[in-house]
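Note sheet for the following structure.
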Amino acid sequence: MLHIRLLGSFRLYINDALVDAIDSPRQQELLAYLLLHRDAPNARTEVAQVLWPDSTAAQQRTNLRQLLFTLRRRLPAIQDFLTGDEQTIGWRGDLAFTLDVADFEQALQHANASAGHVRVAALEAAVAQYTGDLLPDRYEDWILAARERLGQRYVAALEELIDLQSERGEYKPAIAHAQRLLRYDPVRETTYRRLMHLHALAGDAAAALRVYHTCVTALAQELDVAPAEATHNLYLRLLDSGGAPALSTPRPVPADSTALVGRQTEWAALQACWQQSVRGRAHLSVIAGEAGIGKTRLAEELVRWVVHRGVTAVRTRAYAAVGSLAYAPVIEWLRSVLYRPVLGEMAQDHRAELMRLLPELSSQWPELPQPTPMSGAAQRLLLLDALTAAILLPKDPLLLVLDDLQWCDAESLEWLG
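So the number in our numbering is just where the residue sits in the sequence shown, counting from 1, plus 111.
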C-alpha cells in the first residue's frame, strides 16, 4: 500500500515503511503536481512548463523525459500509478493509495454535508490531517497558490470548530483549537480575542489576561504595532469584571446559523450572486451603508462561506493614504500568489500593457515591448481590457474582496464600473 504525505513535508511510505529513494526536490514536485491534478490526464507540455518555466520548450520536454526515467528507476513501484502517452501524463486514481491532501479535503466535504456532532467530528478529522503547509520548503508559484488555498481551508475549519464547540459550552476543545490557530498564524488578532473570551467563559481569568500579554508581545515583535482598540478594550473589561465573561463580547455562533441577524436579505443576495458566478457569470457586488452597521462583517462571512467550499479568496483594501495611487487594490490582487502563475497565459500585448502597473514583469518576460507613454482614451481602454483579461484568468471560482471602498482611487473605480 502506497501512502503519500505532502502536508508538512514530502514523505512516501510503502506498507508503512518510509521510502527515501525520492529525495530530489524536482522528483517530489513532479509527484506532487500529478497527485494534486489527478482528476484528469495532464498535457506533458503543461507539466514541463510548470516545472521549468524559464527553459525552452525543447529543453522542458527533455527535462521531463529524463525526470520520469530517473523516477521510475529510483522507485519501480511508482510505475503502476503513472498513466499516459506521448502527449499526456497522469496519476491513476483507481489504484489503492492514500494522500493526506485528499483525506483533508474529503473530511471537509463530509463536514459540509453534515450537521451537529457529525460535522464537528469531520472537521476535527480534517484539521488532524493538516500537519503543516503544503511542501513548505518549496516556493514555486503553483505550489504557493495551492498552499494558500489549502491554508485558507484549514483556518476556516479551525474557526468553525471554535464556533461550534464554544456554542455548545465545550470550552476546553475550543481553546485547544484557538491555540492551534494561533500557532499557525501568531499575529491573527481576532483569534487572540476569541481565546481571551473562551478562557473567561471557562472561568480562567488569569489565562485570559495572559493571552492579552502574549498578543502584545507577538504584535510588537512581528509587526511593530500595538493591539487594536477592540483587543485592548476587551482586556480592560476583563480586568474590571475580574474575568467575568458577561462583560466580554457576546458568545460567537456558527456562521451558517444566526450570525447575521438582521442581514438575511443581504446575505441571501450575496449567495445568489455567488452561485451565478460559479456558473460562469462574473458578478460585482457592493455592500454599502453607514459606518458601523456590519458591512465588513458581512463580507468576511462571505469569504468564510466560500473558503469552506474549497474556493480561494483574495482580499485587499483601500487606504486613505494611498487613495491617489492609480489601480492600487487591483495591483495588490494581481501580485497575489494566485495570479503570478497564470499571467504567462495572457496574450503578449496584454502583458505589455500590465507592465505599466507591474514593472517587475519586464524581468520575467524581457522580450515584452516596453509600453509607450499613456495618451488618450484609446490607450486607457487597452489598459482596462488588459486588467479585465488578467483578473478573469483563473479557471476555478475565485472571490476578490475590496474593503473600505470609500478610499479607493478613481481609476480602480472606473475599471470596476
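In this text, a Cβ means the ideal position worked out from N, Cα and C, and glycines have one as well.
In the DSSP assignment, the residues bridged to arginine 428 are Asp514.
The Cβ atoms of tyrosine 450 and leucine 504 lie closer than 8 Å to each other.
Between glutamate 259 and valine 389, the C-beta gap is not smaller than 8 Å, which leaves the two residues out of contact.
Along the length of the region 401-482, whole beta strand (DSSP E) runs at least 3 residues long occupy 423-428, reported in chain order. For glutamate 522, the CB contacts under 8 Å within the same chain, skipping 5 residues up- and downstream, are Ala437 and Tyr438 in chain order. By the neighbour-count criterion, in which a residue is buried when 16 or more other Cβ atoms sit within 10 angstroms of its Cβ, serine 277 is buried. When the Cα atoms are used, threonine 173 and leucine 129 turn out to be separated by approximately 30 Å.
By the neighbour-count criterion, in which 16 or more other beta carbons inside 10 Å mark a residue as buried, arginine 294 falls on the exposed side.
According to DSSP, phenylalanine 208 shares a beta bridge with Leu113.
For histidine 114 and threonine 427, the gap between their C-alpha atoms comes out near 38 Å.
The C-alpha of tyrosine 144 lies about 8 Å from the C-alpha of valine 158.
In the DSSP assignment, arginine 122 falls within the beta strand (DSSP E) that extends over 122-125.
Just so you know, the alpha carbons of glutamine 170 and glutamate 471 end up roughly 25 Å apart. For glycine 262, the uninterrupted alpha helix (DSSP H) run begins and ends at 252-278, by DSSP.
Setting aside the 5 residues that flank it on each side, leucine 494 is surrounded in the same chain by Glu464 and Arg467, each with a C-beta closer than 7 Å to its C-beta; the list follows chain order. DSSP, reduced to helix, strand and coil, places valine 298 outside both helices and strands of the structure shown, so it counts as coil. Spatial neighbours of tryptophan 163 in its own chain (CB-CB distance under 6 Å, excluding positions within 5 residues in sequence) are listed in chain order as Gln171 and Asn174. Within the region 113-186, the alpha helix (DSSP H) runs of at least 4 residues that lie entirely inside it are, in chain order, 136-147, 155-162 and 168-185. Glycine 195 places its beta carbon 8 Å or farther from that of alanine 151. The DSSP-derived three-state label of glycine 195 is strand.
Burial check for asparagine 344: the Cβ neighbour count within 10 Å stays below 16, so the residue is exposed. Going by C-alpha positions, glycine 528 is about 21 Å away from glutamine 382. Between the region 246-256 and the region 277-288 there are fewer than three inter-stretch CB-CB distances shorter than 8 Å, so the stretches are not counted as touching. Residue pairing by DSSP places tryptophan 526 opposite no residue, since no beta bridge is assigned to it.
In chain order, Thr427, Ala429, Leu513 and Ser523 place their CB closer than 6 Å to the CB of proline 440, counting only its own chain and leaving out the 5 sequence neighbours on each side.
Take the alpha-carbon of tyrosine 250 and the one of threonine 325: they are about 30 Å apart. From the listed residues Gly262, Thr301 and Pro297, the smallest Cα separation to arginine 408 is found for Thr301.
Considering only Leu210, His288 and Arg305, the residue with the shortest C-alpha distance to leucine 118 is Leu210. In this structure, Ile442 is the residue among Thr199, Ile442 and Ala316 with its C-alpha nearest to the C-alpha of aspartate 520. Arginine 462 is classed as buried because its beta carbon has at least 16 other beta carbons within 10 Å across all chains shown. Going by DSSP, histidine 324 is part of the alpha helix (DSSP H) stretching over 316-334.
Shown here, isoleucine 502 sits in a helix according to DSSP, grouped into three states. Looking at Ala337, Asp335 and Leu349, the one whose alpha-carbon comes closest to that of aspartate 315 is Leu349. In the displayed model, glycine 391 falls within coil according to three-state DSSP, outside both helix and strand. Secondary-structure assignment with DSSP links isoleucine 200 through a beta bridge to Asn153 and Gly195.
The C-beta distance from valine 417 to leucine 516 rounds to 19 Å, too long to meet the 8 Å contact threshold.
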